[in-house]
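Residue numbers (the working numbering), protein chains in the order written: chain A, 1 to 206; chain B, 1 to 206.
Ideal Cβ positions, reconstructed from N, Cα and C, are used throughout, including at glycine.
Here the structure is a predicted model, which means the values were calculated and not measured.
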DNA sequence: GTTTGGTTAAACCATTTAGTTAAATCTACG
DNA sequence: CGTAGATTTAACTAAATGGTTTAACCAAAC
């Protein structure tokens, strides 16, 4: 056979789309089958049931997005470059998959522990690395002392939230799709400047 | 009768809880009935069907949270105080209702237009007010010139996101409930300082 | 005390949906 | 060719779920 994709792959892609759009409770097996251009029987031929299929997709998504991105934070780039690289990579990835955050946070509530492990953030040594870096910079007087937790939460908040609020942002500021993309593009410089400006030690101009 | 609450109120509260926890698709009418300590028949006696009930709750939540908070941003407080007041009020409100954001953003995808109107953000004159204020401050050289949209998105991102990511934050930084509350409490000062520090015009210390 | 509206309980109906099954077809491969 | 695995079709079952109905009950109002 010479299909572009194997049936199993088609199922996975379809399931991914539908689950991400509708969540576990909202997704219909029939809808997934239709999206994959196969019939329901095939679905169960490859995956025993809905939960199996969902778990499969969910773990794949988590395992894909979590570590790939956390890597940057644990790297030994200088702080400024690190922030820049993180934001650029993260926003790029989210731009291509704008529904991922809502999907993840929605389903997160049901199985927090599993997700955290899959993300691999705790085990990666990323926290320690970044913690040390921030303390070092602070000690050297280059930045204000900041809590690592607050720093990370700020960084990720600024990056992820706009995608969660996309419909709202577009509505409030009367943006179309293109303008929203432009808005996100701007944030690739806005966010790093914002953060660096916030934590760098400076004097007020009097 | 001398009940603390009328049956209709009990239904609403119960429905609110369940919908916010489970979303429209995930919520079960029986679960709502149980939560309200009544039987299913009563549910349909007061609300024709699930959609009606949901719409009711949803609009109530949107109408309650949106405007109350947007008011602060449209006020004529000085910028610094305004940010502080906004963050304090917002975080306080979210702390008492941590599931609201996920609920809103989840259901937002299905009816963006209605939500935006209900939030009343576009009509409140808030945008203009804040826009002028930021331009004035920038012209006076007290802050850097900033896009109003980027400013608002930053402010709300920093405030709301931690609640969406609460399970993740607790997991990653090994916080229990109490520590998480403490973390949020800290953000009431961290966020305003962060933002003010980011936009205030200063010189680097050399 | 009778009426009326809120309330309960339980059975019930109709629809949706996950999941199964069986038979027929197709396709690669030995 | 013939077998085996992949795929389709369509009918089916079982369970969950939204929604309805009926009869009985109760408390307050008239």
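Where DSSP assigns a beta bridge to residue i, which residues make up the other side?
| i | result |
| --- | --- |
| residue 143 of chain B | B:200 |
With H, G and I counted as helix, E and B as strand and the rest as coil, what does DSSP make of residue i?
| i | result |
| --- | --- |
| residue 1 of chain B | Because the pLDDT of residue 1 of chain B is 40, which lies under 50, any placement of that residue in the model is unreliable, and the number read from its coordinates should be weighed accordingly. In this structure, residue 1 of chain B counts as coil in the three-state DSSP scheme. |
| residue 26 of chain A | helix |
| residue 125 of chain A | coil |
| residue 19 of chain A | helix |
| residue 173 of chain B | coil |
| residue 120 of chain A | coil |
| residue 38 of chain A | coil |
| residue 45 of chain A | helix |
| residue 185 of chain A | helix |
| residue 138 of chain A | helix |
Taking the alpha helix (DSSP H) that residue i belongs to, which residues open and close that run?
| i | result |
| --- | --- |
| residue 104 of chain B | 100-108 |
| residue 6 of chain B | Counting along the chain, residue 6 of chain B falls outside any alpha helix (DSSP H), and DSSP gives it neither H nor E. |
| residue 111 of chain B | Run containing residue 111 of chain B: none; DSSP gives neither H nor E here. |
| residue 56 of chain B | 50-74 |
| residue 158 of chain B | 148-164 |
| residue 91 of chain B | 79-96 |
Residue i and residue j look like a contact to me (Cβ under 8 Å); what is the Cβ gap, rounded to whole Å?
| i | j | result |
| --- | --- | --- |
| residue 162 of chain A | residue 153 of chain B | 6 Å |
| residue 209 of chain B | residue 112 of chain A | Here chain B covers residues 1 to 206 and nothing more, so residue 209 of chain B does not appear. |
| residue 141 of chain A | residue 201 of chain A | 6 Å |
| residue 199 of chain B | residue 143 of chain B | 5 Å |
| residue 10 of chain B | residue 36 of chain B | 5 Å |
Sort the options by Cα distance to residue i and report the nearest one.
| i | options | result |
| --- | --- | --- |
| residue 7 of chain B | B:17, B:18 and B:38 | B:38 |
| residue 12 of chain A | A:42, A:133 and A:155 | A:42 |
| residue 34 of chain B | B:189, B:135 and B:18 | B:18 |
| residue 89 of chain B | B:73, B:99 and B:103 | B:73 |
| residue 207 of chain A | A:136, A:48, A:157 and A:179 | Because chain A is modelled from 1 through 206, residue 207 of chain A falls outside the range shown and cannot be assessed. |
| residue 189 of chain B | B:86, B:20, B:59 and B:54 | B:86 |
| residue 104 of chain B | B:81, B:59 and B:133 | B:59 |
| residue 182 of chain B | B:132, B:123 and B:92 | B:92 |
| residue 47 of chain B | B:133, B:24 and B:15 | B:15 |
| residue 67 of chain B | B:53, B:30, B:122 and B:52 | B:122 |
| residue 174 of chain B | A:9, A:108, A:149 and A:55 | A:149 |
| residue 95 of chain A | A:65, A:119 and A:120 | A:65 |
| residue 25 of chain A | A:107, A:44 and A:100 | A:107 |
| residue 131 of chain A | A:147, A:194 and A:44 | A:147 |
| residue 151 of chain A | A:63, A:168, A:195 and A:184 | A:195 |
| residue 114 of chain B | A:70, A:167 and A:56 | A:167 |
| residue 186 of chain A | A:22, A:21, A:84 and A:50 | A:84 |
| residue 98 of chain B | B:164, B:57, B:56 and B:156 | B:164 |
| residue 56 of chain A | A:159, A:69 and A:20 | A:20 |
| residue 213 of chain A | A:169, A:159, A:138 and A:70 | For residue 213 of chain A there is no data in the structure shown, the boundaries of chain A being 1 and 206. |
| residue 54 of chain A | A:110, A:139 and A:120 | A:110 |
| residue 50 of chain A | A:29, A:5, A:133 and A:155 | A:29 |
| residue 62 of chain A | A:52, A:160, A:101 and A:44 | A:101 |
| residue 80 of chain A | A:134, A:158, A:177 and A:22 | A:134 |
Taking only heavy atoms of the ligand SAM into account, decide whether any of them is closer than 6 Å to the Cβ of residue i.
| i | result |
| --- | --- |
| residue 185 of chain A | Of ligands this structure carries none, so the ligand SAM is not represented either. |
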